[in-house]
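In order, the protein sequence lines correspond to chains A and B.
According to my numbering, the stretch in the first sequence is residues 2 to 236, in order.
According to my numbering, the stretch in the second sequence is residues 2 to 236, in order.
There are 2 protein chains.
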Amino acid sequence: MSPVPMYEVIYGDLLSQIKAGALAPGDRLPSEPTLASQYGVSRMTVRQALDQLEAEHVVVRRRGSGTYVAQPSSTYRRMNRLGSFGEEMGVSEVSTEMKFQGAVVAPDEVRTRLGLKPRQKATRLLRVRLVSGSPAAVQESWLPYSLAPQLAREELVGGSLYRTLFERWGVKLKWAEQTISAVAADAERAGWLGVPQGSPLIWITRVAFADDGTPIELAHSWTRPEFPLLARLET
Amino acid sequence: MSPVPMYEVIYGDLLSQIKAGALAPGDRLPSEPTLASQYGVSRMTVRQALDQLEAEHVVVRRRGSGTYVAQPSSTYRRMNRLGSFGEEMGVSEVSTEMKFQGAVVAPDEVRTRLGLKPRQKATRLLRVRLVSGSPAAVQESWLPYSLAPQLAREELVGGSLYRTLFERWGVKLKWAEQTISAVAADAERAGWLGVPQGSPLIWITRVAFADDGTPIELAHSWTRPEFPLLARLET
DNA sequence: ACCTTCAATCTGACTAGACAACTAGCCTTA
DNA sequence: TAAGGCTAGTTGTCTAGTCAGATTGAAGGT
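Below is the structure:
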């Protein structure tokens, strides 16, 4: 009937209650039978929602006791996750200086990793990201020109690239592969970031894919070491 | 009855068949009803095993068609995962030079992050890791001295620290928090790694925890940028 | 005051189904 | 030959339970 299954409804309800603070860390959630009767579903359906919340470390289950909202150690700053720059930094005072925005013939590395044909064009974005007004990272993004032709001139300084891609072209990024390394700042980037030439930067190369496996974005970023990546590792 | 639930048995059976190559990437697994009758369980139990394999990207499910072994793109090199140095590098020709091994009074940073009391001792390991004979990383590990007293003199050059901890003291690490940044090589590390002083290194700080949340290890590592980290990001 | 016992409650594991949505291949028909 | 329809098989969602194992708090006894 409904296009969205019940366990996703329950999942969303609980998650937004937790995010909004209606359920604080350490609080016990309603028991599985309680939720089942509240939503008029069977207990297995409730468990499907709770399984998902547990896998994302949003809740912790204790057999015999109950299900509790997890401590937000590094849970809410969701790393290991594909998000916008602002989400990754965990801050909101993010601004952008666009250094280049336009369509050019894709160089070889871009062609290969985005699966473009020879002489095909690509949109290039070169941005400097500022956190609380001071420069934190340089980001260079490459996208297939055919994917979003207007993007080469679109207003992007204000919002997030990923949100623009989704809202205006329906392109939803699903996952990404990234390699993290370190590199010495060249003259240009050193100038933009306000660091001495040759000083170390975090260098990330990322390829983001749509859910059907199509590569959508190749991005390089050079970040000042004062803004490290946080990650949680599982066994 | 059995201490190990059926869905874990099925999960393990399928996973080992895939790892052993009996089921190759792209192959279709037996259907859920087939597996259910083979194991003499209900379909929901089979699904519990398949859910886990799917979450780990070991298999892909296609509604109406079947469940297939996933392509091993970056699935088998499991990053975002807590593993030994050899596992992280994805290579086996790893050797170790021990630069320091012993128990010392824990400095403040170590005390705080491992939750030790003042004047409590900690075991310090300082190792240079070599891949195919050439130096790749410097690792400095701190562990509570009380956890594994003999560790300060244990033979560690050959094997993995994590395996030693588990096999000799039953300490099993469950998860870790890590911050990834970049730093310029100081004189000592530059010498060990064979790079110019001041050249950029990947700098990782990691705290590993047991399943009850006790911090077990604080580790710093400085890695040459030729050995980047690989990670897969989810939405 | 302290300990033990016990019953209620909770999550973990599992059953034996049902119907829906989708896929892929076969078969008929124009 | 090509298009369309049918059908068997597969995964997705969900039900209405059962029993086991763990926890918690209250009642009761010493």
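Just so it is clear, CB atoms sit at the ideal spot from N, CA and C, and this is done for glycine as well.
A quick note: this is a predicted structure, and the numbers were derived from the prediction, not measured.
Any C-beta of chain A under 7 Å from that of residue i
{"i": "Ser182/B", "result": "yes"}
{"i": "Leu230/B", "result": "yes"}
{"i": "Val172/B", "result": "no"}
{"i": "Gly13/B", "result": "no"}
Contact set between residue i and chain A, taken where Cβ atoms lie within less than 7 Å
{"i": "Lys175/B", "result": "Thr236"}
{"i": "Gln179/B", "result": "Ala232 and Leu234"}
{"i": "Ala21/B", "result": "Those within 7 Å of Ala21/B in chain A number zero; the least Cβ separation is about 22 Å."}
7 Å Cβ cutoff, residue i in contact with chain B
{"i": "Pro216/A", "result": "no"}
{"i": "Leu219/A", "result": "no"}
{"i": "Pro226/A", "result": "yes"}
{"i": "Ala137/A", "result": "no"}
The ligand MN heavy atom lying under 6 Å from the CB of residue i
{"i": "Pro229/A", "result": "No copy of the ligand MN appears in this structure; indeed no ligand is present at all."}
Closest by C-alpha distance to residue i, when choosing among the options
{"i": "Glu178/A", "options": "Val172/A, Pro201/A, Thr165/A and Thr206/A", "result": "Thr206/A"}
{"i": "Gln72/B", "options": "Phe101/B, Gly27/B, Glu94/B and Ile19/B", "result": "Gly27/B"}
{"i": "Pro108/B", "options": "Thr97/B, Phe101/B, Leu166/B and Arg125/B", "result": "Arg125/B"}
{"i": "Arg44/A", "options": "Trp170/A, Ser32/A and Arg169/A", "result": "Ser32/A"}
{"i": "Leu162/A", "options": "Ala50/A, Trp176/A, Ile11/A and Arg128/A", "result": "Arg128/A"}
{"i": "Ala188/A", "options": "Ser182/A, Pro197/A and Ile181/A", "result": "Pro197/A"}
{"i": "Ala186/B", "options": "Trp170/B, Leu174/B, Arg169/B and Trp204/B", "result": "Trp204/B"}
{"i": "Val184/A", "options": "Ser66/A, Arg130/A, Thr224/A and Leu16/A", "result": "Thr224/A"}
{"i": "Leu117/A", "options": "Arg130/A, Tyr146/A and Gln102/A", "result": "Tyr146/A"}
{"i": "Ala50/B", "options": "Glu94/B, Gly13/B and Glu218/B", "result": "Gly13/B"}
{"i": "Leu16/A", "options": "Arg169/A, Gln53/A and Tyr40/A", "result": "Gln53/A"}
{"i": "Val149/A", "options": "Val106/A, Thr35/A and Leu166/A", "result": "The residue you asked about is not Val; residue 149/A is Ala in the sequence shown. Among Val106/A, Thr35/A and Leu166/A, the Cα nearest to that of Ala149/A belongs to Leu166/A."}
{"i": "Trp170/B", "options": "Leu152/B, Thr180/B and Ser182/B", "result": "Leu152/B"}
{"i": "Gln121/B", "options": "Pro136/B, Lys20/B, Val105/B and Glu168/B", "result": "Val105/B"}
{"i": "Pro6/B", "options": "Glu94/B, Ala138/B and Val42/B", "result": "Val42/B"}
Chain-ordered neighbours of residue i on chain B, where CB pairs are closer than 8 Å
{"i": "Ala185/A", "result": "Ser200 and Pro201"}
Residue i: contacting residues in chain B (beta-carbon distance under 7 Å)
{"i": "Ala56/A", "result": "Ala56"}
Complete runs of the alpha helix (DSSP H) confined to the stretch 30-61 of chain A [at least 4 residues]: Taking only runs of at least 4 residues, the alpha helix (DSSP H) segments lying wholly in the stretch 30-61 of chain A are 33-40 and 44-56.
What alpha helix (DSSP H) runs, 4 residues minimum, are completely inside the stretch 157-189 of chain B? 162-170
Can you list the beta strand (DSSP E) stretches of 3 or more residues lying completely in the stretch 211-235 of chain A, in chain order? 216-224 and 230-235
If we require 3 or more residues per run, which beta strand (DSSP E) segments fall completely within the stretch 112-152 of chain A? 122-132 and 135-145
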